[in-house]
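As structure tokens, the structure follows; a few thoughts come after it.
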Amino acid sequence: MVELNFVDGHVEVYKDGKFWFSADSQIEAKSELEAMDEAA
């Protein structure tokens, strides 16, 4: 499961409860997730 947390003006993305990556915005985080999904 992927979870987005808003922290100090950026978004932290966690997968299965572990930190995965950070992004500047929710849109950027979702874009990165979609790109990873397409590459898989």
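When the count follows this note's numbering, it moves up by one through the sequence shown with no breaks and lands on 40 for the last residue.
All residues carry an ideal CB built from backbone N, CA and C; glycine is no exception.
> Closest to Ser25 by CA distance: which of Leu4, Asn5, His10, Val2 is it?
Replying inline: Taking the first residue of the sequence shown as 1, we reach residue 25 at position 25. Across the set Leu4, Asn5, His10, Val2, the C-alpha of His10 shows the shortest separation from the C-alpha of Ser25.
> On the three-state DSSP scale, how would you describe Ala40?
Replying inline: As a first step, residue 40 is located in the sequence shown; it is residue number 40 there, counting from the start. Judged by DSSP in its simplified three-state form, Ala40 adopts coil rather than helix or strand.
> Between Glu3, Glu32, Glu28, Ala29, which lies nearest to Lys18 when the distance is taken from Cα to Cα?
Replying inline: One-based indexing of the sequence shown puts residue 18 at position 18. Taking each of Glu3, Glu32, Glu28, Ala29 in turn and checking the Cα distance to Lys18, the smallest one comes out for Glu3.
>> Tell me the residue span of the beta strand (DSSP E) that contains Ser25.
In response: Taking the sequence shown and counting its residues from 1, one reaches residue 25 at position 25. It is not in any beta strand (DSSP E) - Ser25 carries neither H nor E in the DSSP assignment.
> For Val7, does the count of other Cβ atoms within 10 angstroms reach 16, so buried, or fall short, so exposed?
Replying inline: Locating residue 7 in the sequence shown gives position 7, counting from the first residue. Looking at its Cβ environment, which holds fewer than 16 other Cβ atoms inside 10 Å, Val7 is exposed.
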